[in-house]
Each structure stands twice: as structure tokens, then as C-alpha cells.
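Enquirer: Basically the numbering used here = 1-based index in the sequence shown + 795.
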Amino acid sequence: MASSTDLADNIDEALWFGIADPDHPDEEAKASVAAEVARVSGLKPFPVVASKILRELSRDSFSIPRISNLMESDPALASMVLRLVNSALYGTAKGCTSVDQAVIRLGARRVRELVAAAATMQMFHDARGVGIIFRDHCAATAAIVRVLGQHHELPGSDALFLAGLLHDVGKLLLMETREFDYANLSPQLLARPDALHTLERAQLGYDHAVLGANVMQAWKIPDPIPQIVAWHHQPMRAYAEGGDIGPQVALLRIADHIAWYLAHTTMPSLRFNDTIASSADGSWVGLSASDIERMWVWMVEARAEVMQIFG
Ligand SMILES: [Fe+2]
Ligand SMILES: [Fe+2]
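(1) Is A934 close to ligand 1? I mean its beta-carbon at under 7 angstroms from any heavy atom of the ligand.
(2) For W1014, name the three-state secondary structure that DSSP assigns.
(3) Could you give the distance in angstroms between the alpha-carbon of L1047 and the alpha-carbon of S893?
(4) Just jot down, in chain order, the residues whose CB lies closer than 5 angstroms to any heavy atom of ligand 2.
(5) Can you tell me which of the three DSSP states F1105 falls into?
(6) With DSSP run on the structure shown, which of helix, strand or coil describes P988?
(7) Which residue wins for smallest C-alpha separation from R996, given the options A809, V828, D807, V876?
(8) Assign H1003 to buried or exposed, taking buried as 16 or more other Cβ atoms, counted over all protein chains shown, within 10 Å of its Cβ.
(9) When the Cα of A883 is compared with those of S858, Q945, R850, S863, which residue comes out closest?
(10) Flag H992 as yes when its Cβ comes closer than 7 angstroms to any non-hydrogen atom of ligand 1, and as no otherwise.
(11) Tell me which same chain residues have a C-beta within less than 7 angstroms of the C-beta of R861, skipping the five on either side of it?
(12) S836 lies in the alpha helix (DSSP H); which residues open and close that run?
(13) Check the C-beta distance from D821 over to V844 and give it rounded, since I have them as a contact under 8 angstroms.
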């Protein structure tokens, strides 16, 4: 049997906290998250067909007929991918009737992200209770962060839809393995964007962001998604890193806040827009209150469309 030091060695430093917690020695906490990753990988293996499609699409000389054959063997996956491709968020590809057409119009990398998104959401189609709230929140965050990314035209914003969709999958996994009981938390606490990870860290020694990122690495979800997910509750680390990761994490965090707000009401609020614009994340990416105001309807509509596709 693997020792806790061996298990801790499986954890990539870049997907860890980067801050020492005196209540939870690092090695012990890393061993716990590694054991949980192993448990989740057994319980929730990434769907086989989707994994074969992702592998094929990541090859330089991928074969379109092979992708078509694989897609035909999983009609539910193919239909979800096509609904995404034909959604307003990917407007340039509207009218695609097959996934191979989508590959030609959108490119292999983007289709790979949509296949990963659809396959992950299918894994949680049977979510119940609080799980439905988290799954809807992930779908809403994906739609909103895609709109923010398109508006900002940041390098690396292509990856944001999938990062948004997967950012809180760690919570769904912790529910699945019954490691953390969210059902007894108040609805107000459940809907606070930057709160639950502290409770998880206090109880488990790690949080849903670190768990989700490590599971995604095991599922072979391509970079930079695991990194963005791992750091969505460690923004200072992402900002210090430089490159695309700082703005990616900032936009994801902003979308996270907006998604919880929209779960309550779609009424725009100048005060809310000001709060977001003046937050550390808003300042980091230079998002103004009037930018948010301009994008509001677009975000509301995109959220409704994506939630319908994944609901
Ligand atoms: Fe989160
Ligand atoms: Fe979230």
C-alpha cells in the first residue's frame, strides 16, 4: 500500500495551495487530496468515447472520419456538442450539422474543449439537491466568462468557457464521495462565491479547487484548464505568475460572482457593477462598471442558453 509520502508526491506543486496552513501539515493534506483523487478516478472515470475523441483531436494529424465514427458511437455526446457549437456563444459556427463540420469551422482545439465540457456535464446529469445548484452554477459561470473573455479579447480567453464549466466540479466530486456535507449549509452560504473553500480547507486540508484541478489532470483535460481551476481561490498567486493566467483567473472569479448574483435576480444593479469593477479582480483586468452594464443582457441570455443545454 502507498505511504502518505508517496501519495503526497503525486501532487503537482503548481496545483497546490502554495501557502502553509499550520493546522494541516502540507504532506498530510497532500496525501489526503491524492487519496481522494484516486478514489474519484475509480468512481468517476472520464467517459471512454470522449477521451478517445480528445486524444484524436490533440494529434497534429487528426483524422476527421475517425472523429465522426467516434461521435456516432455516442449520439448524446454528439448532440450536446452540436448544441454548444450552434449556440449564440459560438455564433460563427451556427448551422453546423455534424461535429466534423464544427472541427473545420471552429478548429480542433475549440472543439476539444467543447467535447470535454459536454462529457463532464454528462457525468453529473444525475446530480440531486445541492448538486443541481452547483451544476447550474458551473454552466452559468461558463457562459458568463465566455462573454467576458470575448469582450476583453484577452490572449488565452478561448480556454475560459471550459475553465468556467469545470471550476467548481470539485464540489460535485466531494459530494459524490461524501467527503464534505454541503447539504446542511444555509442557502446564503452556498451562494457566496469566495466562502466554501475556507470551510473545506479547515475540514479536509484541501479545497474543491485543488481537488478538481488534480482530477482534471488525471482525466487528461488539457492545460491551462487545471491551472486556472486550481487557482480560482488563490488569485494573488495567479496575479504574481504573470502571463495569461492572471487575467484568466480574474475573469473567472468575476464570472463566479456574477453567476451567483444572476441565480438570485437578473435585474441589473449599478451598485453591484461598481463592487465588481472596484474589486481586486476587476481592477486587475481593467473592467469598468459600464463594461458590465453593456454586457449585462448578453450575459443573461448566454447563461439561460447554456443552462438549458446542460440542464
Ligand atoms: Fe470555487
Ligand atoms: Fe463558483
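Note that beta-carbon positions come from the ideal geometry of N, C-alpha and C, so glycine has one too.
Expert: Considering the structure as presented:
(1) As a first step, residue 934 must be located in the sequence shown, where it is residue number 139. Outside the cutoff, so no.
(2) In the sequence shown, residue 1014 corresponds to position 219, counting from 1. Correct three-state label for W1014: coil.
(3) By 1-based counting over the sequence shown, the position of residue 1047 is 252. By 1-based counting over the sequence shown, the position of residue 893 is 98. Within the model, the alpha-carbon separation for L1047 versus S893 is close to 30 angstroms.
(4) Cβ-based neighbours of ligand 2 within the cut-off: D963, D1051.
(5) For this step, residue 1105 is matched to residue 310 along the sequence shown. Note: F1105 maps to helix in three-state DSSP.
(6) In the sequence shown, residue 988 corresponds to position 193, counting from 1. In the structure shown, P988 sits in coil (DSSP, three-state: anything other than H, G, I, E or B).
(7) Start at 1 with the first residue of the sequence shown, and residue 996 comes out as number 201. Nearest Cα to R996 within the set A809, V828, D807, V876: V828.
(8) In the sequence shown, the residue the question calls residue 1003 occupies position 208. With 16 or more Cβ atoms within 10 Å of its Cβ, H1003 is classed as buried.
(9) For this step, residue 883 is matched to residue 88 along the sequence shown. In this structure, Q945 is the residue among S858, Q945, R850, S863 with its C-alpha nearest to the C-alpha of A883.
(10) Numbered from 1 along the sequence shown, position 197 holds the residue referred to as residue 992. Yes, Cβ of H992 sits closer than 7 angstroms to a heavy atom of ligand 1.
(11) For the purposes of this step, residue 861 is taken as residue 66 along the sequence shown, with counting starting at 1. Excluding residues up to 5 positions away in sequence, E851 lie with their Cβ nearer than 7 angstroms to the Cβ of R861 in the same chain.
(12) Residue 836 sits at position 41 when you count from the first residue of the sequence shown. Run containing S836: 821-838, per the alpha helix (DSSP H) assignment.
(13) As a first step, residue 821 must be located in the sequence shown, where it is residue number 26. As a first step, residue 844 must be located in the sequence shown, where it is residue number 49. Their Cβ separation, rounded to whole angstroms, is 38 angstroms, which puts D821 and V844 out of contact at 8 angstroms.
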